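In this text, residue positions in the sequence shown follow the working numbering: the first is 9, and each later residue adds one.
The C-beta atom is built at its ideal place from N, Cα and C for all residues, glycine as well.
Note that the structure is predicted; figures quoted are calculated from it, not measured.
Everything below concerns the one structure shown next.
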Amino acid sequence: MIYELRTYTVKPGTLGDMIKAASTVSRDIRKDDYGKLEGYWSTEIGPLNQVLHMWSYNSFDERARLRAELAKNPRWTGEYVPLIRPLLVRQEVRLMNAVRPPVAPASTGNVYELRNYRAKAAGGLKQWLDAFTTVLPEREKYSKIVGLWTTEAGQPNEACHIWAYPSLNARAEARGKAMKIRPGRNFSGRVQDSSRRCIRPSCCRRRTRRCSECGGTVARMERSAIRGPAPGIPGLRFRFTRATGATTPPSNNSSRVSRARSAAAHGASPSRHAAA
Numbered sequence: 009m010i011y012e013l014r015t016y017t018v019k020p021g022t023l024g025d026m027i028k029a030a031s032t033v034s035r036d037i038r039k040d041d042y043g044k045l046e047g048y049w050s051t052e053i054g055p056l057n058q059v060l061h062m063w064s065y066n067s068f069d070e071r072a073r074l075r076a077e078l079a080k081n082p083r084w085t086g087e088y089v090p091l092i093r094p095l096l097v098r099q100e101v102r103l104m105n106a107v108r109p110p111v112a113p114a115s116t117g118n119v120y121e122l123r124n125y126r127a128k129a130a131g132g133l134k135q136w137l138d139a140f141t142t143v144l145p146e147r148e149k150y151s152k153i154v155g156l157w158t159t160e161a162g163q164p165n166e167a168c169h170i171w172a173y174p175s176l177n178a179r180a181e182a183r184g185k186a187m188k189i190r191p192g193r194n195f196s197g198r199v200q201d202s203s204r205r206c207i208r209p210s211c212c213r214r215r216t217r218r219c220s221e222c223g224g225t226v227a228r229m230e231r232s233a234i235r236g237p238a239p240g241i242p243g244l245r246f247r248f249t250r251a252t253g254a255t256t257p258p259s260n261n262s263s264r265v266s267r268a269r270s271a272a273a274h275g276a277s278p279s280r281h282a283a284a
C-alpha cells in the first residue's frame, strides 16, 4: 500500500471554492474508483490557503494506471479541472510508505496537526524513526497518532505524521507534556528541517436529512478526517445549512439575505442554520 499526499495552494479568497469543487464535482466523479480518499483538510495554522488530500493505492503501478484513467475521464477534464485551474497557485505531491497506517480517531470534532520532519541524509531518517517509535507508546499517553509515513518521492528523507487533538488548547497541553520525554530531546540532532500545520477536515461528501428544528430538508456536511472501517467519516461536528448545494457560506450580501429569507420562511432563525 502506498499513500499520496497532495498539497494545493490556492489564491487568497478562493479556498471555499476549492473545497466546494472537491466535495461536489470531484467526489461525484472520482468516488473511490481512482484511489481511495483517506482524508481532505484545509490549513488553519501554518501556510494558509492550502488544501491537503491523501489517497491510497495498492501499488505504484495501480496509482499510475488509475491516474491515467482519470486523466481520460471526460467529466474530470471537462468539469472539474476547469473549475480549479484558475484557483491554483502551486501543487505539491508526496508519495509515502506507511510506518503506522492511518487509523480513525475515536472521537469527532478534532483539530489535526501534520508534522513533516526532514532528516539528515545517509541514514538520518532511520535513526530518527528508531528513536521516535521507541518513545511513541509514551508519547501516545498524551495524544493519539493518526498515522506515520516516510516519503518515497517528492521530499526525500522525510517523515510525515498526523495527530488528533480535541482542541488547540489540548494540543498545547499535550505538546508540553511530550517535551518532557527524555529521549525526545535527542530528536533534533537527526532532523535537518521541520514544518507543521494545524489542519481541519473539510467537506468531502454531502447527505440530506430532515432538520429536527424546523422540519425542512437540510444538507448535512460530513467532514472528512481519516476514514474508519464504518461507512461514515469521522470529522468535525456540524451544524445545518439549507440544501442549496453550497458547501461554504456565501461571500456576498445578496446570498446571505437570500438564506435569511429562506430560513425565516420556515419559521427558523438564520443563525440556527449557519454553516459550520
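- When Asn177, Arg123, Glu181 and Trp136 are compared, the shortest CA-CA separation from Ile153 is found for Arg123.
- Of Lys39, Phe68, Met62 and Met187, the smallest CA-CA separation from Ser50 is found for Met62.
- Lys44 and Pro82 have their C-alpha atoms some 20 Å from each other.
- By the CB criterion at 7 Å, Leu78 and Tyr42 fall inside the cutoff.
- Within the segment 40–126, the complete alpha helix (DSSP H) segments at least 4 residues long are 68–79 and 89–92, listed from N- to C-terminus.
- Scanning its chain for C-beta atoms nearer than 6 Å, with the 5 sequence neighbours on each side dropped, one finds around Gly132 the residues Arg198, in chain order.
- Assignment of Thr22 by DSSP, reduced to helix, strand and coil, places it in the coil class.
- The beta carbon of Leu91 is closer than 7 Å to those of Ala29 and Val33 in its chain, skipping five residues each way along the sequence.
- Close CB contacts of Asp201 within its chain, under the 7 Å cut and outside five residues either way in sequence, are with Arg126 (chain order).
- With respect to Gln163, Arg75 sits apart: the two C-beta atoms are not nearer than 7 Å.
- When the Cα atoms are used, Pro145 and Ala112 turn out to be separated by approximately 18 Å.
- Under DSSP, Val199 shares a beta bridge with Ala127.
- Taken through DSSP and simplified to helix, strand or coil, Ile27 comes out as helix.
- With a 10 Å radius around the Cβ and a threshold of 16 neighbouring Cβ atoms, Arg93 comes out exposed.
- In the DSSP assignment, Thr159 falls within the beta strand (DSSP E) that extends over Ile153 to Ala161.
- Sequence-distant Cβ neighbours of Phe68 in its own chain, meaning closer than 7 Å and more than five residues away, are Ile10.
- In the three-state reduction of the DSSP assignment, Ile10 falls in the strand class.
- Trp84 and Lys185 have their C-alpha atoms some 47 Å from each other.
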